[in-house]
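Colleague: From first to last, the protein sequence lines are chains A and B. full-length UniProt numbering puts the first residue of the first sequence at 1, with every later residue one more than the last. full-length UniProt numbering puts the first residue of the second sequence at 1, with every later residue one more than the last. Would you mind keeping the following structure in view while I ask a few things?
Protein chains: 2
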Amino acid sequence: MQPDPFHRDCGSRKVLDRIGDRWSVLIVLTLADGDRRYGELAGRIDGISQKMLTQTLRGLERDGIVTRTVRASVPPRVDYALTDLGRSLVDLVAGLEVWATTHLAEVEAARARYDAR
Amino acid sequence: MQPDPFHRDCGSRKVLDRIGDRWSVLIVLTLADGDRRYGELAGRIDGISQKMLTQTLRGLERDGIVTRTVRASVPPRVDYALTDLGRSLVDLVAGLEVWATTHLAEVEAARARYDAR
DNA sequence: CAGCATCCGTTGCGATACTG
DNA sequence: CAGTATCGCAACGGATGCTG
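The following block contains the structure:
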């Protein structure tokens, strides 16, 4: 039997939750064009708190989407990179980004119309 | 200048939030193969509460992704359908569903590995 | 530098009860 | 049938301070 996200207890729901997550999308997108250090991610993703960055990275690592590599040096350096699984996701989340940006104006117009009644 | 979800205050963030939302994805997917009544949606999307169904439908309506049509009859009947904008989203969210189901096993294996250390 | 721990207000969301 | 209203808890998520 196929996994079916329409069914309550199917794990695909959890997977959907993660890949749909706001920060996950932005992190995967950032790592799509190259490995990044912790601080680089923090700098590129405007408005993310340290807590959410760490938390989201841990979740992505746990799900096998990113790898975390610690280099024993002073100061410490930690690199994050996409796994094969993570790379298989890039086109999809890039598609979300493209849709969001290209249809932003339409959505905002629709909202204005809706709120005005 | 292009809308950029990497910037804190860009509206594309909000758009991304909506289309990535767990229930939005399932609702759009359900409406993708035909208009549905409120109760049909409730029946097909296992585990959604009345509150979340209504709330998510309102959000999608506000964003111009679905339409809500009330037929004046007894008992009342309300039909939900995708707009053109909503249909432009179907392939994308279907892609999310496919990814989630096809990679579910990999993700669960990765989780088990991660948790076992 | 790359985090972890803690506090704490805000929001999400389910359960339940009621209505046109 | 298709909602709305209210309650209450749990999770989200930011700010701050500390550490190897």
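Don't be surprised by glycine CBs; every beta carbon is placed ideally from N, CA and C.
(1) For Thr83(B), name the three-state secondary structure that DSSP assigns.
(2) Can you grab the Cα-Cα spacing for the pair Gly59(A) / Leu29(B), in whole Å?
(3) Can you say whether Pro76(B) is buried or exposed, counting buried as having 16 or more other CB atoms within 10 angstroms of its CB?
(4) Under 8 angstroms, Cβ to Cβ, is there at least one residue of chain B near Val70(A)?
(5) Which ranges does the beta strand (DSSP E) cover as unbroken runs of at least 3 residues, wholly within the UniProt domain "HTH hxlR-type" (10-108) of chain A, from first to last along the chain?
(6) Quick check: the segment 55-74 of chain B against the segment 23-40 of chain B, are at least 3 beta-carbon pairs closer than 8 angstroms?
(7) With distances taken between CB atoms, is the gap from Gly11(B) to Asp21(A) smaller than 8 angstroms?
(8) I want to see whether chain A comes within less than 8 angstroms of Trp23(B), judged by CB atoms only; does it?
(9) Starting from the beta carbon of Arg44(A), find every residue of chain B whose beta carbon is closer than 7 angstroms, and list them in chain order.
(10) At 8 angstroms on the CB atoms, spell out the chain A contacts of Asp17(B), in chain order.
(11) Is the CB-CB distance between Gly64(B) and Leu89(B) below 8 angstroms?
(12) Compute the Euclidean distance between the alpha carbons of Glu97(B) and Asp4(B), then round it to the nearest angstrom.
(13) Quick one: Cα of Tyr80(B) to Cα of Arg117(B), how far?
(14) Figure out for me which residue from Gln55(B), Val93(B), Trp23(B), Glu61(B) has the closest Cα to the Cα of Arg44(B).
(15) Note down the Cα distance separating Ala112(B) from Leu104(B), rounded to an integer number of angstroms.
(16) Under 8 angstroms, Cβ to Cβ, is there at least one residue of chain B near Asp33(A)?
(17) My output table needs one value for Asp115(B): the three-state DSSP class, helix, strand or coil.
(18) Give me the residue from Arg8(B), Ala109(B), Thr56(B) with the minimum Cα distance to residue 166(A).
(19) Leaving aside the five residues before and after Arg13(B) along the sequence, list all residues of the same chain whose C-beta is less than 7 angstroms from its C-beta, in chain order.
(20) Using the rule of at least 16 other Cβ atoms within 10 Å of the residue's Cβ for burial, across every protein chain shown, is Ala110(B) buried or exposed?
(21) Relative to the alpha-carbon of Leu16(B), which residue among Ala42(A), Arg18(A), Thr101(A) has its alpha-carbon at the smallest distance?
Modeller: With the structure as the only source:
(1) coil
(2) 26 angstroms
(3) exposed
(4) no
(5) 66-71, 77-82
(6) yes
(7) no
(8) no
(9) Phe6
(10) Arg22
(11) no
(12) 25 angstroms
(13) 47 angstroms
(14) Trp23(B)
(15) 12 angstroms
(16) no
(17) helix
(18) This structure gives no information on residue 166(A), because the portion of chain A shown stretches from 1 to 117.
(19) Pro5
(20) buried
(21) Thr101(A)
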